[in-house]
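J.:
In the working numbering, the protein residues as written are 213 to 481.
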């Protein structure tokens, strides 16, 4: 009966009905794209089934995009970084094929760890954020945090009798990205709390870290040798290790710009 009733609607009434129905059903993309696609039906000789498919697919695509945006925002990345933006020519130590393979996020699906090791300015934080973003776009739950911030939060949670809840929260995400691991020495309590987080995630959910220290230098951060060895084991077993090298391409770029300015000044003088 509803179909018979709507067959007599004028175009203006039909547009109003579609608008109202989309509001009720919460279909904002169909609501916004319906007029344009309706005009294209006659122009492009689109069938009714094709028209309906275009509308529904547009809604699905837009919902997927919005979900990705929410997951990326929830991850807490400090800035936007993508693999497309990474200058592999500036750091030939890094294998583009290896990074693009990691971007497929199969390692996240398997719950494997990832270690990005290299000096400051070699691109490890960029890659950590970019690969975390890729994971969020692949519908994985991601959380980014600085190592010192994570340890401080764990210490505060322990003092407030909320440690189990905090560790469980960090344990639930599919990928935990820990940046700047190795920049500061951690006392035994902080190191042990971080170890608990890693143990909670072991062989279940992925951890990705960026560190300016090779594994041999981690005893500067984790002063207990046995605890240090256990943490290295948690972060490397079955996982991927990407070495970003020792030559800072940020410093090289700064020097190149300075040389260009100097050369321009000489030419102008």
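Beta carbons: idealized from backbone N, C-alpha and C, even for Gly. Nothing here was measured: the structure is a model prediction, and the numbers come from that model.
Quick one: residues in its chain with C-beta nearer than 7 angstroms to the C-beta of residue 413, no 5 flanking neighbours on either side, listed in chain order?
T.: Answer for residue 413: 383, 388 and 419, listed in chain order.
J.: Just how far apart, CA to CA, sit residue 447 and residue 392?
T.: Roughly 14 angstroms between the two C-alpha positions.
J.: Here's the rule: buried if 16 or more other CB atoms are within 10 angstroms of the residue's CB, otherwise exposed. What is residue 396?
T.: Burial call: exposed.
J.: Between the region 438-457 and the region 309-328, can you find at least three pairs of beta-carbon atoms closer than 8 angstroms?
T.: At 8 angstroms Cβ cutoff, the stretches touch.
J.: Which residues in the same chain have their Cβ closer than 6 angstroms to the Cβ of residue 423, if we skip the five residues on either side of it in sequence?
T.: Around residue 423: 329, 393 and 394.
J.: Residue 407: which of 221, 438, 273 and 310 sits nearest, CA to CA?
T.: Looking at the Cα atoms, 438 is the closest of the given residues.
J.: Assign residue 364 to one of two classes, buried (16 or more other C-beta atoms within 10 Å of its C-beta) or exposed (fewer than that).
T.: Result: exposed.
J.: Measure the C-alpha to C-alpha separation of residue 227 and residue 268 and round it to an integer number of angstroms.
T.: The straight-line gap from Cα to Cα measures roughly 17 angstroms.
J.: So, with DSSP's three-state summary, where would you put residue 215?
T.: Any reading at residue 215 needs caution, since the residue's pLDDT is 49, under 50, leaving its predicted position unreliable; the model's value is listed next. Helix.
J.: Using the beta-carbon count (16 or more within 10 Å), is residue 221 buried or exposed?
T.: By the neighbour-count rule (16 or more Cβ atoms within 10 Å), residue 221 is not buried but exposed.
J.: If you run the structure through DSSP and keep just helix, strand and coil, what is residue 321?
T.: Three-state DSSP puts residue 321 in a helix.
J.: With a floor of 4 residues, list each alpha helix (DSSP H) that falls wholly inside the region 272-349, ordered by position along the chain.
T.: Correct list: 308-314, 318-321 and 336-349.
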